[in-house]
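The UniProt record's numbering applies: residue 1 is where the sequence shown begins, and numbers increase by one.
Beta carbons are placed, not taken as given, at the ideal position from N, Cα and C, and that holds for glycine.
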Amino acid sequence: MPAVVQENATGDVLMLAWMDDHALAHTIATRKGTYWSRSRGEYWVKGETSGHTQYVHEVRLDCDGDTLLVKVDQTGGACHTGDHTCFDADRLA
């Protein structure tokens, strides 16, 4: 299911990733953002290779039970480009 990742201190939306039951359980157990890569077909822990880690403060389920909100402390960039957020491109509206 989609996981909206939000910076705990500021409320800024950092990224959108995907989690399944295993990724969610690992995230809760370790407090490290753990996601499912749909393109690579494997799990990944944010910052495992880049050093741009996420400490997870809380995880919430939305009212429909089909989207997660993950509140984190982000070290370094959340985006694969190295930017702090994936949502710093030009505004569309």
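Identified DSSP bridge partners for residue i
i: threonine 34; result: Val45
i: aspartate 73; result: Tyr55
Enclosing beta strand (DSSP E) for residue i [first to last residue]
i: histidine 57; result: 54–61
i: methionine 15; result: 13–18
i: aspartate 66; result: Taken as a continuous stretch (DSSP letters only), aspartate 66 belongs to no beta strand (DSSP E), as it is neither H nor E.
i: alanine 3; result: 2–7
Nearest-angstrom Cβ-Cβ length linking residue i and residue j, presumed shorter than 8 Å
i: aspartate 68; j: alanine 3; result: Looking at the sequence shown, residue 68 is not aspartate but leucine. Confirmed, Cβ separation roughly 4 Å.
Next on the checklist: Contact between the stretch 77–90 and the stretch 6–18 is defined here as three or more beta-carbon pairs at a separation below 8 Å; is this criterion met?
Outcome noted: The stretch 77–90 vs the stretch 6–18: in contact.
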